[in-house]
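Protein chains in written order, with the UniProt record's numbering: chain A, 1 to 401; chain Y, 1 to 466.
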């Protein structure tokens with residue numbers, strides 16, 4: 001079978017919960033495990049034989065993606081194009097508007113992937129599955145969630161053959177522990193038939209198309225037990241970072257750093273970063289291009305973005321350090337770990353609001369936006385710091401505007 | 001132990017150069033009349049009649065030998081019963097080398113010996129967890145047990161009997177202080193109160209030890225200062241009344257009890273507890289001198305010296321205030337312990353900078369900033385930053401890249417690589433891990449092993465995880 005793929009990248013008005021990390025860079029390009037978020041999708045899609053083209057569909061200005069697309073086309077040897085939506089018309093609106101472009105060359109089916117999901121996506125399994133199901137018009141990826149959390153996702157009820165007999169997006173009461181992963185494989189003839197409503201409203205996959213397909217008995221589900229998560233909030237990036245680093249061991253073992261400093265567990269260090277050999281790094285750390293890591297620095301469970309400078313003896317735990325930020329000697333930047341409850345099977349990341357019901361900041365990672373400087377010997381605990389701040393004393397549990 | 005020996009005794013010693021001997025006319029006369037020859041110790045010493053010559057045979061004027069120390073006393077004995085003098089042969093040491101033998105005499109007429117009572121009190125809960133494994137008076141302040149600072153200062157002004165008023169028995173305290181007392185030539189008496197007696201009751205309990213013609217000292221055990229006891233005694237004798245209270249200036253008098261007194265004579269008018277309006281900035285410093293007469297004012301039951309006894313004494317014009325020169329701090333709780341440490345180090349810097357030793361095992365790349373006291377047996381690794389205001393105890397190991405500010409590290413602890421410690425007290429035998437952050441008046445008990453942690457807030461006293 002022949003395939004194409006569409007990655008829904010959204011736009012600057014979307015992904016606001018990803019701030020301050022999305023203030024200067026489109027969220028889909030935020031590097032996780034050293035690689036932009038959607039490059040992981042492109043990488044996984046490009047493994048599928050029969051895939052001829054990948055479209056990035058969104059309402060960011062197209063020039064933001066030009067360099068990225070050029071590089072990925074070379075790396076993954078697949079055609080990639082950016083399709084800029086003139087105005088937001090729902091999750092399926094863009095696909096419908098550009099259906100002629102997407103369906104040119106007559107692919108049999110088209111993958112549609114939300115950019116804010118991440119995981120070890122079984123792309124190949126989905127391709128094989130749909131070729132076996134001649135009656136299916138769409139295959140969606142599902143995974144198991146807890147009863148409690150399932151209502152935050154699209155709930156899917158299937159029969160023993162994998163046929164979806166009921167689909168409802170974010171129900172108010174419990175329907176099923178099977179949830180939609182936001183990854184779909186849609187037959188071309190289904191897309192061909194779609195049209196935008198004449199009244200100018202948008203069209204949504206989750207609320208307009210999938211329930212209808214389920215009702216007509218043409219929607220099938222492929223259940224996965226592999227790692228899957230969402231990256232809706234900035235707090236979710238470290239969890240995704242950890243798992244993408246783990247996945248490197250399977251296919252990109254060379255990307256994982258083994259020496260140059262005291263390395264513990266899975267660590268990605270960009271070759272252009274300068275890391276002092278006395279630094280102790282890991283587990284689950286990614287360090288971006290041209291970052292400088294000084295003597296006696298300790299970094300654990302963190303992402304250090306490009307050109308950041310961690311000066312000697314500083315300690316960085318559970319943090320994202322923004323581009324060009326400087327952390328002074330003996331400073332300690334520390335966040336509160338945020339990950340699915342390990343004691344509950346199938347628990348997913350909670351996309352908690354920034355503040356608790358009583359007005360306190362939700363304990364979470366510490367995030368330094370770009371160009372932040374932190375004075376020597378201070379502690380920044382559980383804070384979100386916006387770009388260009390100069391911190392001269394210690395802060396705890398604050399959003400520093 | 002002071003040694004009084006005549007010039008002539010020195011002059012007759014073989015290889016004598018300079019000795020820790022004070023010239024004293026009284027003793028010379030006494031020797032004149034009573035001694036001819038002493039066969040003693042390692043050498044035969046002949047005592048000749050005093051010529052009155054004040055110059056040493058080697059030409060060193062007497063009184064220039066104050067840095068000498070008596071290394072060991074080989075024997076002591078009452079030489080003649082009629083004079084009650086004791087004689088000893090000694091080895092004199094200067095700059096670590098034995099330079100000769102000396103003879104010391106304890107004069108028949110001793111200078112007046114004073115007594116002191118130290119209010120040790122209870123369990124020192126405010127300094128927990130340090131006081132869980134060690135009685136508070138033994139907790140080292142600037143590498144010396146807190147109480148020893150007071151004991152040594154008392155011994156220096158001729159106090160020969162110290163009563164420790166305790167409310168619980170601590171074998172460790174009794175044993176360790178007994179060793180120090182013997183070294184200082186002080187008789188130590190433990191006075192145990194069966195029930196809490198407040199701040200005055202212990203005086204009544206120890207009455208039989210304190211009574212006598214001479215005035216006696218009473219000290220709160222938590223106080224650290226320069227202990228100007230000699231001036232205090234002179235002041236006390238000059239006004240001739242029942243009691244003298246040392247007072248000290250504070251910035252925020254509203255937190256304390258303020259002593260209102262005549263700035264010229266020192267006579268105390270009244271005490272104002274936590275004044276709302278400014279009445280003065282001098283507070284009770286917890287150091288007193290009393291005549292025995294005060295003992296008649298104190299009943300043997302729980303009594304507060306500050307609230308009950310002092311106001312009555314002030315009313316009868318019997319209480320005077322002595323303004324302490326220099327620094328003062330009540331170091332009974334962690335924040336003040338560290339403040340007192342800083343003041344103590346600054347005082348040492350001003351008066352005896354050579355005592356602010358920085359140890360031998362400090363890596364050349366380590367930076368010592370400001371006033372720092374490092375025990376010679378402690379080691380500091382490369383690229384460390386130590387100070388200002390840090391005390392590092394015996395056998396402490398600071399590994400490389402650590403930064404320590406305004407803290408006390410007690411003996412035998414280890415601070416591993418790249419850790420940061422500020423404003424905290426680390427107990428004995430602690431093992432602090434790498435990249436640990438400790439701050440905000442943290443007090444780490446003895447034998448704590450830590451991984452990652454930080455001082456969360458002022459209320460945090462003990463935080464650790466292994």
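Think of the CB as a built atom: it goes at the ideal place given N, C-alpha and C, for glycine as much as any other residue.
Please report the straight-line C-alpha distance between residue i and residue j, rounded to a whole angstrom.
{"i": "residue 365 (chain Y)", "j": "residue 401 (chain Y)", "result": "10 Å"}
{"i": "residue 16 (chain A)", "j": "residue 56 (chain A)", "result": "19 Å"}
{"i": "residue 1 (chain A)", "j": "residue 142 (chain A)", "result": "22 Å"}
{"i": "residue 269 (chain Y)", "j": "residue 319 (chain Y)", "result": "9 Å"}
{"i": "residue 257 (chain A)", "j": "residue 30 (chain A)", "result": "20 Å"}
{"i": "residue 392 (chain A)", "j": "residue 352 (chain A)", "result": "29 Å"}
{"i": "residue 398 (chain A)", "j": "residue 357 (chain A)", "result": "16 Å"}
{"i": "residue 89 (chain A)", "j": "residue 199 (chain A)", "result": "12 Å"}
{"i": "residue 174 (chain Y)", "j": "residue 183 (chain Y)", "result": "14 Å"}
{"i": "residue 338 (chain A)", "j": "residue 350 (chain Y)", "result": "53 Å"}
{"i": "residue 381 (chain A)", "j": "residue 113 (chain A)", "result": "35 Å"}
{"i": "residue 69 (chain Y)", "j": "residue 206 (chain Y)", "result": "The pLDDT assigned to residue 69 (chain Y) is 38, lower than 50, so where the model puts this residue is not dependable, and the model offers no usable value."}
{"i": "residue 324 (chain Y)", "j": "residue 235 (chain Y)", "result": "11 Å"}
{"i": "residue 294 (chain Y)", "j": "residue 434 (chain Y)", "result": "56 Å"}
{"i": "residue 236 (chain A)", "j": "residue 349 (chain A)", "result": "7 Å"}
{"i": "residue 202 (chain Y)", "j": "residue 378 (chain A)", "result": "47 Å"}
{"i": "residue 364 (chain A)", "j": "residue 129 (chain A)", "result": "39 Å"}
{"i": "residue 246 (chain A)", "j": "residue 145 (chain Y)", "result": "54 Å"}
{"i": "residue 186 (chain A)", "j": "residue 12 (chain A)", "result": "27 Å"}
Nearest to residue i by alpha carbon, out of the options?
{"i": "residue 244 (chain Y)", "options": "Y:313, Y:206, Y:225, Y:382", "result": "Y:313"}
{"i": "residue 247 (chain Y)", "options": "Y:443, Y:237, Y:220", "result": "Y:220"}
{"i": "residue 52 (chain A)", "options": "A:370, A:58, A:72, A:78", "result": "A:78"}
{"i": "residue 37 (chain A)", "options": "A:65, A:59, A:272", "result": "A:65"}
{"i": "residue 210 (chain A)", "options": "A:244, A:166, A:107, A:396", "result": "A:166"}
{"i": "residue 296 (chain Y)", "options": "Y:212, Y:249, Y:256, Y:276", "result": "Y:212"}
{"i": "residue 408 (chain A)", "options": "A:389, A:268, A:314", "result": "In the structure as shown, chain A begins at 1 and stops at 401. Residue 408 (chain A) is therefore absent and cannot be evaluated."}
{"i": "residue 156 (chain A)", "options": "A:126, A:178, A:174", "result": "A:178"}
{"i": "residue 82 (chain A)", "options": "A:28, A:225, A:168, A:320", "result": "A:28"}
{"i": "residue 142 (chain Y)", "options": "Y:439, Y:413, Y:407, Y:421", "result": "Y:407"}
{"i": "residue 430 (chain Y)", "options": "Y:222, Y:395, Y:151", "result": "Y:395"}
Taking DSSP as the reference, what is the three-state secondary structure of residue i?
{"i": "residue 160 (chain A)", "result": "coil"}
{"i": "residue 338 (chain A)", "result": "coil"}
{"i": "residue 56 (chain Y)", "result": "Residue confidence for residue 56 (chain Y) is low, a pLDDT of 35 falling below 50, so the modelled location carries little weight and cannot support an answer."}
{"i": "residue 228 (chain Y)", "result": "coil"}
{"i": "residue 430 (chain Y)", "result": "coil"}
{"i": "residue 367 (chain Y)", "result": "strand"}
{"i": "residue 72 (chain A)", "result": "helix"}
{"i": "residue 30 (chain A)", "result": "coil"}
{"i": "residue 333 (chain Y)", "result": "coil"}
{"i": "residue 342 (chain Y)", "result": "helix"}
{"i": "residue 20 (chain Y)", "result": "Only weak support exists for where residue 20 (chain Y) lies, its pLDDT of 36 falling under 50; the value from the coordinates is given anyway. It is coil, neither helix nor strand."}
{"i": "residue 317 (chain Y)", "result": "coil"}
{"i": "residue 230 (chain A)", "result": "strand"}
{"i": "residue 209 (chain A)", "result": "helix"}
{"i": "residue 114 (chain Y)", "result": "strand"}
{"i": "residue 57 (chain A)", "result": "strand"}
{"i": "residue 123 (chain A)", "result": "helix"}
{"i": "residue 43 (chain A)", "result": "helix"}
{"i": "residue 132 (chain A)", "result": "helix"}
{"i": "residue 419 (chain Y)", "result": "coil"}
{"i": "residue 152 (chain Y)", "result": "helix"}
{"i": "residue 401 (chain A)", "result": "coil"}
{"i": "residue 378 (chain Y)", "result": "coil"}
Is residue i near the ligand NAD, judged by its Cβ being under 7 Å from some heavy atom?
{"i": "residue 179 (chain Y)", "result": "The ligand NAD is not part of the structure shown, which contains no ligands of any sort."}
Please look up how many angstroms separate the CB atoms of residue i and residue j, rounded, as I've assumed it's under 8 Å.
{"i": "residue 353 (chain Y)", "j": "residue 370 (chain Y)", "result": "At roughly 12 Å, the Cβ-Cβ gap does not stay under 8 Å, so residue 353 (chain Y) and residue 370 (chain Y) are not in contact."}
{"i": "residue 123 (chain A)", "j": "residue 47 (chain A)", "result": "7 Å"}
{"i": "residue 398 (chain Y)", "j": "residue 379 (chain Y)", "result": "7 Å"}
{"i": "residue 206 (chain A)", "j": "residue 154 (chain A)", "result": "6 Å"}
**Report entry** Runs of beta strand (DSSP E) lying entirely within the region 295-362 of chain A, each at least 3 residues, in chain order
**Finding:** Every beta strand (DSSP E) stretch that sits fully inside the region 295-362 of chain A and reaches 3 residues is listed by chain position as 298-300, 302-304, 315-317, 319-321, 332-334.
Query - Length-filtered (3 minimum) beta strand (DSSP E) runs lying within the region 158-229 of chain Y - result: Here the runs fully enclosed are 159-166, 187-192, 216-220, 223-225.
Requested in this report: With a floor of 4 residues, list each alpha helix (DSSP H) that falls wholly inside the region 229-292 of chain A, ordered by position along the chain.
Outcome: The region 229-292 of chain A contains these whole alpha helix (DSSP H) runs: 237-251.
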